[in-house]
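All letters in the sequence shown, in the order written, are residues 1 to 331 by UniProt numbering.
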Amino acid sequence: MKTLVTGSDGFIGSHLVEELVCRGCHVKALAFYNSFGSSGWLEYLPSEVHNQVEIVFGDIRDADFVMNVMRGCQVVFHLAALVGIPYSYQAPASYVDTNVRGTLHVLQAAQTLGTDRVIHTSTSEVYGTAQFVPITESHPLRAQSPYAATKIGADQLALSFHDAFGAPVSIVRPFNTFGPRQSLRAVIPTIISQIASGNRKLKLGALHPTRDFTYVKDTVRGFTAIAEADTSVGKVVNVGSNYEISIAQLVQLIADVMGVHVEVETESTRLRPAESEVERLWADNSLARTYFGWTPHYVGRDGLRSGLKETADWFINEDNLKHYHPQRYGV
1 MKTLVTGSDG
11 FIGSHLVEEL
21 VCRGCHVKAL
31 AFYNSFGSSG
41 WLEYLPSEVH
51 NQVEIVFGDI
61 RDADFVMNVM
71 RGCQVVFHLA
81 ALVGIPYSYQ
91 APASYVDTNV
101 RGTLHVLQAA
111 QTLGTDRVIH
121 TSTSEVYGTA
131 QFVPITESHP
141 LRAQSPYAAT
151 KIGADQLALS
161 FHDAFGAPVS
171 IVRPFNTFGP
181 RQSLRAVIPT
191 IISQIASGNR
201 KLKLGALHPT
211 RDFTYVKDTV
221 RGFTAIAEAD
231 TSVGKVVNVG
241 SNYEISIAQL
251 VQLIADVMGV
261 HVEVETESTR
271 LRPAESEVER
281 LWADNSLART
291 YFGWTPHYVG
301 RDGLRSGLKE
311 TADWFINEDN
321 LKHYHPQRYG
331 V
């Protein structure tokens, strides 16, 4: 099977490419065009995996390019997006262009080309602060950031193409995924990288919100399971661990895993606007079990601890840590 992964050069995308190659797929990996010729995290895949990947550079904001790159692909995993929430406050138009218009280009190309399946990537941020827990797929949507608004727009476009044109679209809605190769825009690598670089007084944002953290190996298994299940067409499916933990508790768990004592200093620059903070996320993943038998392997506190240990082991490797700047906060 020939597959295309957009956003393949990113965190989840690179892990998905690795999983698909291991499953015997022919993988075309779309990386964002840049003058350095960098394919992002794809460059750090094991050589036996990297050598089997067809890497293409381009931009999903270009409709003609998207049409051409999707030609001949049976399954498209659409992950390309702008995902940094703080930057969405500063440049919301770029999020509309990439997340909404880019998704439209993928859907239109799939319709024209007769693509067998499109797996569109959503986010738990579309739910906003939980109105009930655990959060099912029927939970109301509330955009508390421009990023979330564009992801809701992209999700609704995908569903509209299914309803209006019968497009074979499925929507995977990951909760807070973590693991090796994640950027410092996320809280877990922010904590781990500061500790790994020798800091014991951590600089973080809000500590009271709760999240449902899902290890990246579980997340990419969710992607492949959705792609294989005809019952997921036209559906939105949560991929989450069904375990809730506060950021404050998370800090202590990571410190325990890494064998250190830490203190936390809250920096105002790392805080979201008060009404924009998503206070609580906790996934109900029963639909994934019902539709295609997916369940997380990293379950509960022990599973989270295991995933954190694997992530910390990766970050403390100097060859990996050198790619990060833990003392520098950037949106």
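We treat Cβ as the ideally placed atom computed from N, Cα and C, and that holds for glycine.
Report task. Could you tell me whether the Cβ atoms of residue 93 and residue 120 are closer together than 8 Å? Result -> Within the sequence shown, residue 93 is the residue found at index 93, counting from 1. Within the sequence shown, residue 120 is the residue found at index 120, counting from 1. Their beta carbons are not under 8 Å apart, which means residue 93 does not touch residue 120 by this criterion.
**Report entry** Neighbourhood of residue 293 by C-beta distance below 8 Å, restricted to the same chain and skipping five residues each side
**Finding:** Residue numbering aside, residue 293 sits at position 293 when the sequence shown is read from its first letter. Excluding residues within five positions, the ones whose Cβ falls inside 8 Å are 225.
Query raised in the report: Going along the chain, which residues of its own chain have a beta-carbon closer than 7 Å to the beta-carbon of residue 311, five neighbours each way excluded?
Result: One-based indexing of the sequence shown puts residue 311 at position 311. Contacts found: 178, 179, 180, 188, 192.
Query raised in the report: When DSSP labels each residue in this structure, what does residue 61 get in the three-state scheme?
Result: Counted from its first residue, the sequence shown places residue 61 at position 61. Coil at residue 61, not helix or strand.
Query raised in the report: With residue 55 and residue 81 assumed to form a contact (beta carbons below 8 Å), what rounded beta-carbon distance in angstroms separates them?
Result: For the purposes of this step, residue 55 is taken as residue 55 along the sequence shown, with counting starting at 1. For the purposes of this step, residue 81 is taken as residue 81 along the sequence shown, with counting starting at 1. About 19 Å; that fails the 8 Å criterion.
Query raised in the report: In whole angstroms, what separates the C-alpha of residue 271 from that of residue 201?
Result: Along the sequence shown, read from residue 1 onward, the residue named residue 271 stands at position 271. Along the sequence shown, read from residue 1 onward, the residue named residue 201 stands at position 201. Answer to the nearest angstrom: the Cα atoms are 17 Å apart.
Report task. Could you pull the start and end residues of the beta strand (DSSP E) that residue 31 belongs to? Result -> The residue you call residue 31 lines up with position 31 of the sequence shown. Element bounds for residue 31: 26-32.
Query raised in the report: Residue range of the alpha helix (DSSP H) that residue 286 falls in?
Result: As a first step, residue 286 must be located in the sequence shown, where it is residue number 286. From DSSP, the alpha helix (DSSP H) with residue 286 extends over 286-292.
Requested in this report: Identify, in the order they occur along the chain, each residue of the same chain with its Cβ nearer than 6 Å to the Cβ of residue 143, setting aside the five sequence neighbours on each side.
Outcome: Counting from 1 along the sequence shown, the entry for residue 143 is found at position 143. Counting only Cβ-Cβ distances below 6 Å, and skipping sequence neighbours, we find 149, 152.
Query raised in the report: Tell me, which residues are paired with residue 152 by DSSP?
Result: Counting from one through the sequence shown, the residue named residue 152 turns up at place 152. Looking at the DSSP assignment, residue 152 forms no beta bridge with any residue, so it has no partner.
Query - Nearest neighbour of residue 204, chosen from 99, 190, 220, 107 [CA to CA] - result: Locating residue 204 in the sequence shown gives position 204, where the first residue counts as 1. Closest by alpha carbon: 190.
Query raised in the report: Hey, which unbroken runs of the alpha helix (DSSP H) at 4 residues or more fall wholly within the segment 256-318?
Result: 286-292, 300-315
Query raised in the report: Should residue 140 be labelled buried (16 or more other beta-carbon atoms within 10 Å of its own) or exposed?
Result: Along the sequence shown, read from residue 1 onward, the residue named residue 140 stands at position 140. Result: exposed.
**Report entry** Exposure label - residue 237; buried when at least 16 CB within 10 Å
**Finding:** Along the sequence shown, read from residue 1 onward, the residue named residue 237 stands at position 237. Residue 237 should be labelled buried.
Query raised in the report: What's the C-alpha gap between residue 268 and residue 258?
Result: On the sequence shown, position 268 is the one that residue 268 refers to. On the sequence shown, position 258 is the one that residue 258 refers to. Approximately 26 Å, taken between the alpha carbons.
Report task. Could you pull the start and end residues of the beta strand (DSSP E) that residue 117 belongs to? Result -> Along the sequence shown, one-based indexing puts residue 117 at 117. Residues 117-121.
**Report entry** Start and end residues, beta strand (DSSP E) containing residue 178
**Finding:** Position 178 of the sequence shown holds residue 178. Start and end: 176-178.
**Report entry** Beta-carbon spacing of residue 227, residue 66 below 8 Å
**Finding:** Within the sequence shown, residue 227 is the residue found at index 227, counting from 1. Within the sequence shown, residue 66 is the residue found at index 66, counting from 1. It is not a contact, given that the beta carbons lie outside the stated cut-off.
Query raised in the report: How would you write the range of the beta strand (DSSP E) that residue 78 sits in, first residue to last?
Result: Counting from one through the sequence shown, the residue named residue 78 turns up at place 78. Its beta strand (DSSP E) spans residues 75-78.
Requested in this report: Following the continuous beta strand (DSSP E) through residue 204, name the residue where it begins and the one where it ends.
Outcome: Counted from its first residue, the sequence shown places residue 204 at position 204. Segment 201-204, the beta strand (DSSP E) holding residue 204.
Requested in this report: To the nearest angstrom, report how far apart residue 274 and residue 23 are at their CA atoms.
Outcome: Counting from 1 along the sequence shown, the entry for residue 274 is found at position 274. Counting from 1 along the sequence shown, the entry for residue 23 is found at position 23. Rounded to whole angstroms, residue 274 to residue 23 spans 44 Å at the Cα level.
Report task. Give every residue of the same chain whose Cβ lies closer than 6 Å to the Cβ of residue 52, excluding the five residues on either side of it in the sequence, and list them in chain order. Result -> On the sequence shown, position 52 is the one that residue 52 refers to. Only 21 meet the Cβ criterion.
Query raised in the report: Which residues does DSSP pair with residue 12 in a beta bridge?
Result: For this step, residue 12 is matched to residue 12 along the sequence shown. Its beta-bridge partners do not exist; DSSP assigns none.
Requested in this report: May I have the straight-line CA-CA distance separating residue 106 from residue 290, to the nearest angstrom?
Outcome: Along the sequence shown, one-based indexing puts residue 106 at 106. Along the sequence shown, one-based indexing puts residue 290 at 290. Distance between the alpha carbons of residue 106 and residue 290 is about 28 Å.
Query raised in the report: How about residue 283 and residue 241: are their beta carbons less than 8 Å apart?
Result: Counted from its first residue, the sequence shown places residue 283 at position 283. Counted from its first residue, the sequence shown places residue 241 at position 241. In contact: residue 283 and residue 241 (Cβ atoms closer than 8 Å).
**Report entry** Span of the alpha helix (DSSP H) around residue 107
**Finding:** By one-based count along the sequence shown, residue 107 stands at place 107. Looking at the DSSP string, the run of the alpha helix (DSSP H) that includes residue 107 is 102-113.
Query - Proximity of residue 164 and residue 208 at Cβ, strictly below 8 Å - result: In the sequence shown, counting from the first residue as 1, residue 164 sits at position 164. In the sequence shown, counting from the first residue as 1, residue 208 sits at position 208. In this structure, residue 208 does not lie closer than 8 Å to residue 164 by Cβ.
Query raised in the report: What are the start and end residues of each continuous alpha helix (DSSP H) run of 4 or more residues lying completely inside the segment 160-242, in chain order?
Result: 187-196, 216-228
Requested in this report: Whole angstroms is fine: what's the gap from residue 264's alpha carbon to residue 79's?
Outcome: If you number the sequence shown from 1, residue 264 lands on position 264. If you number the sequence shown from 1, residue 79 lands on position 79. So the two alpha carbons sit approximately 33 Å from each other.
Requested in this report: Kindly indicate which three-state DSSP category residue 246 falls into: helix, strand or coil?
Outcome: By 1-based counting over the sequence shown, the position of residue 246 is 246. Residue 246: strand per DSSP, three-state reduction.
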